[in-house]
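*Asks:* Protein chains in written order, with my numbering: chain L, 6 to 376; chain W, 6 to 376; chain C, -7 to 281; chain X, -7 to 281. Every residue gets a Cβ at the ideal spot worked out from N, C-alpha and C, and that includes glycine. Just so we're clear, the structure is a prediction, and the values are computed from it rather than from any experiment.
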Amino acid sequence: MFEYMGKEIFAKFGLPVPQGRMITDPAEAATVAAEIGKPAVIKSQVLSGKRGKAGGIKFADTPEQAAAAAKEIFGMTIQGLPVERLLVEEKLKIDKELYMSITIDGAAKMPVLIASAHGGMDIEEVDEEFIIKQHIDPELGMQPFIARDVVRRMGIPLSGPHGKELVKIVQTLYKIFIQKDAELVEINPLVFSDDKVIAADSKVTIDDDALFRQKDLPYVEERSATEKAAKDLGLSFVDLEGNIAVMANGAGITMGTLDTLQYYGGAAANFLDCGGGTGREATAKALELLIAKNPKSMIINIFGGITRCDQVALAFKDINESVGFNCPVVIRLVGTNQDEGRAILASIGIEAFDFMAEAAEKAVKLAAANV
Amino acid sequence: MFEYMGKEIFAKFGLPVPQGRMITDPAEAATVAAEIGKPAVIKSQVLSGKRGKAGGIKFADTPEQAAAAAKEIFGMTIQGLPVERLLVEEKLKIDKELYMSITIDGAAKMPVLIASAHGGMDIEEVDEEFIIKQHIDPELGMQPFIARDVVRRMGIPLSGPHGKELVKIVQTLYKIFIQKDAELVEINPLVFSDDKVIAADSKVTIDDDALFRQKDLPYVEERSATEKAAKDLGLSFVDLEGNIAVMANGAGITMGTLDTLQYYGGAAANFLDCGGGTGREATAKALELLIAKNPKSMIINIFGGITRCDQVALAFKDINESVGFNCPVVIRLVGTNQDEGRAILASIGIEAFDFMAEAAEKAVKLAAANV
Amino acid sequence: MAIIINENTNVLVMGMTGKQGTFHTKQMLDYGTKIVAGTSPGKGGAIVEGVPVYNSVREACENHRIDASVVFVPAGGTKDAALESIDAGVGVVVVVTEGVPVHDEIQMVAYAKRKGAIVLGPNTFGIVSSGKCKIGIPPNKYFVEGPVGVVARSGTLTYEIVGNLTASGLGQSTVVGMGGDRVVGTTFIDVLKMFEEDPLTKAVVLIGEIGGNAEETASEYIKTMSKPVVGYIAGKSAPPGKRMGHAGAIIERGKGTFQGKVEALTAAGAKVATLPFEVPGLIKEMLGM
Amino acid sequence: MAIIINENTNVLVMGMTGKQGTFHTKQMLDYGTKIVAGTSPGKGGAIVEGVPVYNSVREACENHRIDASVVFVPAGGTKDAALESIDAGVGVVVVVTEGVPVHDEIQMVAYAKRKGAIVLGPNTFGIVSSGKCKIGIPPNKYFVEGPVGVVARSGTLTYEIVGNLTASGLGQSTVVGMGGDRVVGTTFIDVLKMFEEDPLTKAVVLIGEIGGNAEETASEYIKTMSKPVVGYIAGKSAPPGKRMGHAGAIIERGKGTFQGKVEALTAAGAKVATLPFEVPGLIKEMLGM
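#1: Any beta carbon from chain W within less than 8 Å of V222 of chain C's own beta carbon?
#2: Check the Cβ of A67 of chain X against every Cβ in chain L and list those closer than 7 Å, keeping chain order.
#3: By Cβ distance below 7 Å, which residues in the same chain neighbour V40 of chain C in space, the five residues on each side in sequence not counted?
#4: Whose Cβ in chain A lies nearer than 7 Å to the Cβ of Q70 of chain W?
#5: Per DSSP, what kind of secondary structure is P44 of chain X in: helix, strand or coil?
#6: From what residue to what residue does the beta strand (DSSP E) around Q84 of chain L run?
#7: Counting only beta-carbon separations shorter than 8 Å, does E201 of chain C have a partner in chain W?
#8: Does D214 of chain L come out as helix, strand or coil in the three-state DSSP assignment?
#9: When you compare each of L:Q148, L:T265, L:G19 to D79 of chain C by their alpha carbons, which one comes out closest?
#10: So who's on the other strand from H140 of chain W, going by DSSP bridges?
#11: Does any residue of chain L bring its CB to less than 8 Å from the CB of R50 of chain C?
#12: Give me the residue from X:T249, X:I(-5), X:K228 with the minimum Cα distance to T266 of chain X.
#13: Can you list the residues of chain W that P33 of chain X reaches, using a CB-CB cut of under 7 Å?
#14: With DSSP collapsed to three states, give me the class of D190 of chain C.
#15: Give me the residue from W:I62, W:I119, W:L216, W:V155 with the minimum Cα distance to F79 of chain W.
#16: Return no unless some Cβ of chain L is closer than 8 Å to the Cβ of P131 of chain X.
#17: Using three-state DSSP, classify E227 of chain L as helix, strand or coil.
#18: From the beta carbon of R157 of chain L, is the nearest beta carbon of chain C less than 8 Å away?
#19: Identify each residue in the stretch 128 to 152 of chain L for which the Cβ-Cβ distance to at least one residue of chain C is less than 9 Å, and report them in chain order.
#20: Any beta-carbon of chain W closer than 8 Å to the one on L75 of chain X?
#21: Under 8 Å between C-beta atoms, does F64 of chain X make it to chain L?
#22: Just to confirm the assignment, what range does the beta strand (DSSP E) spanning T31 of chain X have?
#23: From what residue to what residue does the beta strand (DSSP E) around E94 of chain L run?
#24: Comparing C-alpha positions only, which one of L:L145, L:L266, L:E227, L:S229 sits nearest to A247 of chain L?
#25: Beta carbons nearer than 8 Å to chain C: which residues of the stretch 235 to 248 of chain W have them?
#26: Return the bridge partner residues of E102 of chain W from the DSSP annotation.
#27: Which bits of chain L does D72 of chain C rub up against, with CB to CB less than 7 Å?
#28: Expressed to the nearest angstrom, what Euclidean distance is found between the alpha-carbon atoms of A259 of chain X and N205 of chain X?
#29: Can the beta-carbon of G118 of chain X be found less than 8 Å from the beta-carbon of I127 of chain X?
#30: Mapping the DSSP letters down to three states, classify E188 of chain W as helix, strand or coil.
#31: In whole angstroms, what is the alpha-carbon distance linking Y224 of chain C and K253 of chain C?
#32: Whose C-alpha, out of L:G125, L:A291, L:G270, is nearest the C-alpha of D278 of chain L?
#33: Below 8 Å between beta carbons is the criterion; list the residues of the stretch 144 to 165 of chain X that meet it against any residue of chain L, in chain order.
#34: Does H140 of chain W pass the burial test, meaning 16 or more other C-beta atoms within 10 Å, or should it be called exposed?
#35: Counting only beta-carbon atoms, is Q99 of chain C nearer than 8 Å to chain W?
#36: Leaving out five residues on either side along the sequence, give the residues of the same chain with a beta carbon under 7 Å from the beta carbon of F182 of chain L.
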C-alpha cells in the first residue's frame, strides 16, 4: 500500500497526518501547495524505501517550486518502479523523530508494538536499548494503561502534550491494526512538531488472506504478471534468478526441489507450488506459465497425496500436444494413482523418475547442456 | 426506556422491527396508519408491563379506526402512569411467538442469553425445559457458533429462513447489549411472520453507571422527585410505605436500620443512604428531603468511618435552626469525631444514642405517640 | 495467620494523588499497612505521605515488590486501573470505587480469573487482617486481632458488627468486603474456603443482604465446614423491586429474598442473627464460650 | 503409545458435508481413524460415509465423546469452527484450512491456550499416529508403525521424508504437522517434549524451513533431549524477502535464514540432512543401527 493510502486510513481513524493530498498529474502540485499555504514536500509514491536517497522526495517553498519538483520526480524510476503518483503535503517543522509500529510476532502468537524515541531511520539500525517492545494479549486488547506504559518507557513525559497525544496514537494505531486486518502498521518517522505529534510517513500492509472482508481498502498489485496469473489459479508462484523451471506440489517440497537443484549445481527459474488436489486443467495452465519463461529445462516433482498422478500426467500430455514444451522436461511422479499416471506418460514416450534427487540431477544436466 | 426507544436502537443495529413510529399527538395516528398502509396497532408507551390488560393496546384496520383508538388510549392512566406517547405500527401477522433476552448473571459474573421458542408471556411462566440459557464468556464474546447452537437448542431448524434470521438476531442483540452498556435487552414476543422474524416488542435497560459514556441514548427519568433530588446529592434514596424517616450511612446499615424498626413494630418511610464522607451541607439537604415527607418520627443512624460525626451534628444543628424539624428525631452517633459531634448536639439539648437497637426502638415509640 | 493479606503484604495505592487516595493512604499507613508505592499517570516522581508515586503499575513493579493494590481511581477509569494491576501480576486488587459500569466489572473480573488474581469489589470497603494490614477505607479503631473471620457485602454494616464483636471481646482474623455491586470479583464461598483453612480463624460471620443468590450458594459450602458460621442478612423489610442502595440489593422476580437466604443458611447449620447486635452472642454460643 | 492421538481417539469432522470433508472422512476411515461424528450447520441428521452429521459441536458432544476434531471449513469460517471445538472442550483441534486470516489465527490460538486445547495448524496436513489414527489429509499408504517421531511445518515434504523412512524400514510413532502459517497453535518445542516422553519414540525428525525462529528456539530444547534428532531445513536456495508458498516461509530483515537454523540445530547436537533422502541414514546412524 502506498504511503498516501496509509495516511488516508490514519486520517479516517483520527490519527494526525500532515495536510495535503495525492496527485496523479504533476500539474496539480502547484494547486495543492497553494491550498496548503506553507512550504511543501513532494514525495514520490512507490512501494520501496530509500525514496529520499533516490531523489524521490523534494521540498518546495512556493507553489512554483512545487510544480517544478513534481515535474522532476514524476516519471522517475525508483528501484525499477515508475513514479506515477505524488504526495504533496505540508513540510513539517520537525523537533524530534520517533518510531512506532505494530506487527505480528509469530513466535509469541500475538501482536507486538515496537516503539522508539529514536526514529527516522530503519528500526534495525536503532540501538536495542532504545527500542520498546510490548506484546498485546489478543483477548485483552490495547487497554489505555498499556499505551501509557509504552509512552512512559519511551521516556516521553505523560503529563505533557506529546505524551498525551502519543497515548492516543498508540491506541488508534492498534485499532487500525485490528480493524483493517493489518500485518504491519508503521509510522516512521512519527514527529514532534511544536506541541503536535504527526505521522510524517506511513506503511500499512494488509493480510492478503483477509482481503475478502476488507473490500473497501485500496489494493495495490505488487506481484509480477506470472505471480498474479498463478495466484488466480490458486497456486503460489515466485520468480527466481535461475534457468530451471520448477513445479512441485507443496511449499516445503517445492523449496526442497529448489535446494536439490542448487545442490547439483543448478538454479531454479521459479518457485511454483501447485498445491494439493490441483486438477488437470489448472496444472496445464501452470505448465504454460513455466513455458512462457523460456527455461533451459524443467522439473516436475509430484508426491501425490490429494494430488493425483494421472491428472498431472494428463495435463502434461495436453500441453505436449497443444503448445508443446520449449525445453527438456524431467518428471518425478509417485503417490496416488502413480501407475495410471506413468502409463499416460509412457504413451507419449516419457519415463518418470522415482526419486527426487535423481530427477533434480538430471534437470540440472539438461539445463547445462541446453545452450 | 420506552418500547419505541428500544425499537429505534434495534432498527439502528439492523434488527427487524415493525414498520411505524411514535407519536405524541393522537391526531397523528391516522397519518401514520395511512403511511403504513396496513392494519395497525396503537400501543401506549408507559414504563409498565400489563398494558394490554389495561386496555393500552388497540388494533385498527383503517386510519379512521387508528385515530379513534389513539384518542381513546391517549391520556389514559396505566398503573399510575399517564399515557403521553403512542407507538403506531403495522399489525404483524403472527405465526409464532418466541422469547429472547440478554442480561447479566451476577453469580456467574457474565452475560447470559435466555431464549425460548415459547414467547409472548412472562418468561417466568414458561416451563423450564423450554428455556435455553447460554452464558457468554466475556473475553470470547458472541461468536457465530454460539448463536447457531442457541437456535438449534430452541428447536428452530438452522437451514430455514427463520433459523438463519435468528442466528443474526442473537448476534445483533449481543452487540446492542455490549455497545449500549445494557443491563437487559429483551424481545418478547419475537415473532415469526411468514418468512420474517420481527421484534414485536422491546425492553432495554441501560446501566445507570454507564450513562456518562452513553450520552446519545434517550434517558427516561423513572425516579420520584425525592429520589432524583437525593441522587443529585450523590445519595441513594428509596420511597417506602411507613412513617419513620430514616437516614443512615451505608446501604447495609440503612437496610439494617429499616429491619430493626420493623422488628420493634415500626415501618420506615424511606431508605436514605447518605454514604461515606458526605459533608455538612449535603447532609443538611438530605435532612430537608426527609422533613418534606412529613414523617411521624425520624432516626439518624451514623456509624462514622469516613463520615465524621461532627459534620452530621452540625448539619442537624443547621436544620434545627433554619427550617426546624416537624417530628421527633432520634440520633445514634458513634465513630469518627464522636465526642465533637455529641458536644454539638448537647449544645442544642440533644442526647445521642450509643446503640442502633435502642435508637430504633425509641423512634418507633415516638412515631406511635405522634398522632 | 490471616487470609489474603498479612503483615508482609506490600501495597500499591492507585490514584494516590487524588483526594480519596491521599486521605486513605494516610489512614492505612496509620493502621500499619505497608504501603510501598502509589500510581498516578503523569505524576510519577511525586511523594505522598512519604510514599513514592509512579506513572504506571509496571514502573512501580520495577522498583518494588507489589503484593496487593487498592484502586481509588474514578469510575470511568476503574476498569483500566484494575486491569493494569492484574496485568502486572499483582495478586490482590481491592477496588473501592463506586459506580463502576457493570460491563467494566465483568471484563475486569474475567481477566482476574484468567490471571489468577483476587479482586475485592468494586464498591468494597476493602479488607482488614486485624492488627496486620488494612487495605481500603474502614475506620481504623474497631479492628483488633482475634478468632472471628468476617465476610460481607456491605461496609458500614460490617463496621457496626465488627464494633459489636470487638466490644464483646471478639477480635477478627480477617474482615473481607466483597463489594455491593452485582458483579464483584470474589464470592462468599471463595472467602469461606480460605477461612476454613486459616488456623487463626475459629468462627465466621457472614454479612449478607437481599438480592442475588450468593448466600444461598454459600450455604451449600457452609454445610461442609468444620467451623461455626453466624449469618446476618440485611433487607428483611425491603419491598420487592426496589434497589436498596447497592446495585445488587434488589428482590427481582421473586428471587433474592430475605426468607430464602435465612432458610438456606439455617438449613446449612449456620445461626442467623435477627439484629446486628446479636451476632457476638451467637458466635460465643457456637464456640461454647 | 504415540503422542496426541491414538487408536482410542474419537474424531469429529467439521465441515463434513463439503467436498473436502467428505473425501477425507472416507480416507481417514480407510486408515482406521475412529470418526464418530461430523458437523455441518443446518445439515444435522445427514449421514456421510456412515457417520452421523450434527448441526453443532455441542450437539455432537451430546451424543458422543469427542477427543479431537478436524476443520475442513472454508477460511472465512475457520476461526468460528475452531473456537466452537475448543469451546465444547475438544482437546485436539486440527485445522487443515489454508488462507485463514492471521488475526483469526491469533484469536483461535489465544482461546486454545486459555482452554488448554492443542491446535495443529491452520494450514496443516494434520497428524498421524501410524497404524492407529490419522487426522488430516496425508496419503494413507506411507505411514507405518515404528520408532521415529516426525514434526514438520510442511506437508508434501513430510510425505517425501516419511516415504523415505518407511522405504528404509523406519516406521513412525507419530507424524505431526504444525502448519505452514506464521501463527499456528503448536510449536516444535511442544511436540519435541511429547516425543521425549513417549516410550514408543526412539528418535525424532524435525522438518523445518526458512522464516521465523521456531527451529532456533527448538534447538534450545533439543540440547536437553535424551533422544537423537535429525533435522532437515527447506529453503536453502530461497532469496531473502520472498515468501515461499507458506506465509511463514520468508527471510525478513536478515532473520529466519537457512544458515542460522542449521547452525542452531547442529550446535544443539542434532544432525542436519542436506537432502531429504539422507534423513533415514542419519537416523540409523544416530540410533546405532
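*Replies:* So, from the listed chains and residues:
#1: no
#2: D214
#3: M8, T9, T14, T17, G30
#4: Although the question refers to chain A, the structure presented lacks it and instead comprises the protein chains L, W, C and X.
#5: strand
#6: Element bounds for Q84 of chain L: n/a, residue is neither H nor E.
#7: yes
#8: helix
#9: L:Q148
#10: W:V117
#11: yes
#12: X:K228
#13: R153, L163
#14: coil
#15: W:I62
#16: yes
#17: coil
#18: yes
#19: D142, E144, L145, Q148, P149, F150, I151
#20: yes
#21: no
#22: 26 to 31
#23: 91 to 95
#24: According to the sequence displayed, residue 247 of chain L carries Gly and not Ala. Measuring from the Cα of G247 of chain L, the nearest candidate turns out to be L:L266.
#25: S241, V243, L245, E246
#26: W:V196
#27: Q148, P149, F150
#28: 15 Å
#29: yes
#30: strand
#31: 10 Å
#32: L:A291
#33: A144, R145, S146, G147, T148, L149, T150, Y151, E152, G155
#34: exposed
#35: yes
#36: I107, P116, V190
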